[in-house]
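K.L.:
Below is one structure. I have some questions about it.
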Amino acid sequence: MVPCAEYSRVKLNDGLGHLDDRNEMRSGMFSDEHEFLEDEGCTTKSTYGTTDFIHANYIKGGPLLNTFICAQAPLKNTQEDFWRMVFQEKCKFIVMLNSAVDSSTLGPLDSANRNHCPYYWPRSEKQFLQFGPFRITCVSVDSKADPLFTITKLKLQKVGGNLADDECDEELLLEHWQWDWQYLGDVHWPFRVLRKARQLSTPTIVQYIDGCSKAGTLVAIETTLMIFIRGAPITKSLILQSCVFVRLQRRLSVSSALLYLFIYRVVLRWIEPYVCKWYERAALGLRFKSIGFIQKYTGMIQEFSRITPAY
């Protein structure tokens with residue numbers, strides 16, 4: 158179970174949630190090998206959670222220019238809550254860093270940990286999906302604008318109530334960027350995503366399957382870059398401070414040493430033009446191809462991932 162910090166969590170304020178639907182989530186949150194043992198002296202709650210809960214936290218303040226929301230990948234029974242959050246926060250940019258499957262036609266083949274979520278957005282033009290009072294329509298799909306991400310432009314409408322089926326009281330246009338991030342050797346893509354997020358006045362949603370590890374890594378990179386951009390004092394523990402800043406607001410962010418090293422590698426790529434001293438460039442691997450941090454990092458990533466890097 159991934160904890161969700163209470164003081165920074167996103168709260169759904171429209172009162173549309175239902176505790177009955179949340180109770181049905183229990184069967185999908187644990188695999189079959191888990192057993193719940195009840196003692197005569199123990200009592201269980203028939204309901205749990207609150208109607209304003211969604212597994213997402215704000216990350217804001219400090220050096221950040223804009224607000225981020227690190228969110229867990231929507232489950233089958235939380236898709237409506239996810240779009241409630243998007244509509245409430247007026248989010249115009251969603252970054253999805255895990256894969257998705259159509260659970261009705263293709264599901265998991267075994268009991269291994271799932272690194273995907275069900276499709277919660279329409280994937281072809283003019284197609285729409287309805288989750289409660291929210292209708293999501295696909296405006297366009299672009300697989301060429303970015304070399305890694307599939308960019309889907311969506312229209313989110315709140316319909317129903319006293320309105321006719323073809324009417325809505327408000328609509329929101331947004332972009333959904335999706336890519337299954339597995340390989341840690343590509344250090345260029347965070348700059349493209351963060352540059353766009355930096356230009357928006359509304360919160361940017363960063364979504365991963367657990368909502369913290371890789372999602373928090375991307376926000377930690379932005380935190381570090383903004384410290385440089387703002388001209389704040391630079392210390393030896395700069396990246397550690399950025400990770401602590403993120404983890405205080407979203408628990409378990411940057412959950413592995415590899416992700417921590419990835420932040421170093423991305424930041425090194427950003428400051429590369431400003432490293433002028435000969436011995437520093439040699440130690441970092443910017444001068445010779447056989448020695449330095451970059452070469453050791455690349456070799457380690459290829460060994461752990463066991464895939465051929467994209468050329």
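269 is the number that our numbering gives to position 112 of the sequence shown; each next residue is one higher, with no gaps.
All C-beta atoms, glycine included, are put in the ideal place defined by N, C-alpha and C.
#1: Inspect the CB distances between the segment 418-434 and the segment 244-259 and report whether three or more fall short of 8 Å.
#2: Can you tell me whether Arg-444 is helix, strand or coil according to DSSP?
#3: Does the distance from the CB of Ala-257 to the CB of Gly-368 come in under 8 Å?
#4: Confirm the yes/no value for this check: CB of Leu-169, any heavy atom of the ligand NAP, distance under 7 Å.
#5: Pair every Cβ in the segment 404-413 with every Cβ in the segment 439-450, then say whether three or more of these pairs are closer than 8 Å.
#6: Using the Cβ count rule (16 or more neighbours within 10 Å means buried), how would you classify Gln-356?
#7: Helix, strand or coil for Trp-346? Go by DSSP, reduced to three states.
#8: Work out the CA separation of Lys-371 and Gly-456 for me, nearest whole Å.
#9: By the 10 Å Cβ neighbour count, where 16 or more other Cβ atoms means buried, how is Trp-278 classified, buried or exposed?
#10: How about Ile-458 and Val-423: do their beta carbons lie closer than 8 Å?
#11: Return yes when the Cβ of Gln-364 is within less than 8 Å of the Cβ of Met-253, no when it is not.
#12: Cutting at 6 Å between CB atoms, please list the residues of its own chain near Gln-335, excluding the five before and the five after it.
#13: For Ile-451 and Ser-358, what's the separation of their Cα atoms in angstroms?
#14: Apply the 10 Å Cβ neighbour rule to Pro-304 and answer buried if 16 or more other Cβ atoms are within range, or exposed otherwise.
#15: At the level of alpha carbons, what is the spacing between Ile-226 and Val-350?
#16: For Glu-328, list the residues DSSP reports as bridge partners.
#17: According to the Cβ coordinates, are Lys-312 and Phe-291 closer than 8 Å?
#18: Pick out the complete beta strand (DSSP E) segments inside the segment 389-465, 3 residues or longer, and give them in chain order.
#19: So, is Leu-375 buried or exposed, given that buried needs 16 or more other C-beta atoms within 10 angstroms?
#20: How would you write the range of the beta strand (DSSP E) that Phe-250 sits in, first residue to last?
#21: Would a C-beta distance cut-off of 8 Å place Leu-397 and Leu-341 closer than the cut-off?
#22: Beta-carbon separation of Ala-230 and Arg-166 under 8 Å?
#23: Taking the straight line between their C-alpha atoms, what separation do you get for Thr-294 and Lys-283?
#24: Taking C-alpha atoms, which residue in Trp-346, Ile-386, Phe-288 lies nearest to Ala-302?
#25: Thinking C-alpha only, which one of Glu-437, Thr-235, Ile-216 is nearest Ser-399?
#26: On the DSSP bridge list, what partners appear for Ser-256?
#27: I'd like the list of long-range same chain contacts for Lys-168, defined as Cβ closer than 6 Å, with 5 residues on each side in sequence excluded.
#28: For Ala-213, which residues does DSSP report across the bridge?
#29: Measure the C-alpha to C-alpha separation of Lys-453 and Ala-440 and round it to an integer number of angstroms.
#30: Give the C-beta separation of Ala-389 and Pro-220 to the nearest angstrom, bearing in mind that I take them to be a contact with Cβ-Cβ under 8 Å.
P.N.:
On the basis of the coordinates in this document:
#1: no
#2: Here Arg-444 sits in coil by DSSP.
#3: no
#4: Within the structure as shown, the ligand NAP is missing, as the structure has no ligands at all.
#5: no
#6: exposed
#7: helix
#8: 21 Å
#9: buried
#10: no
#11: yes
#12: Met-253, Thr-307
#13: 35 Å
#14: exposed
#15: Each residue's alpha carbon lies about 14 Å from the other.
#16: Gln-314
#17: no
#18: none
#19: buried
#20: 250-253
#21: no
#22: Not a contact, by the Cβ cut-off of 8 Å.
#23: Each residue's CA atom was taken as its position, placing Thr-294 and Lys-283 some 6 Å apart.
#24: Trp-346
#25: Ile-216
#26: His-273
#27: Asp-209
#28: Ala-228
#29: 11 Å
#30: About 6 Å; that satisfies the 8 Å criterion.
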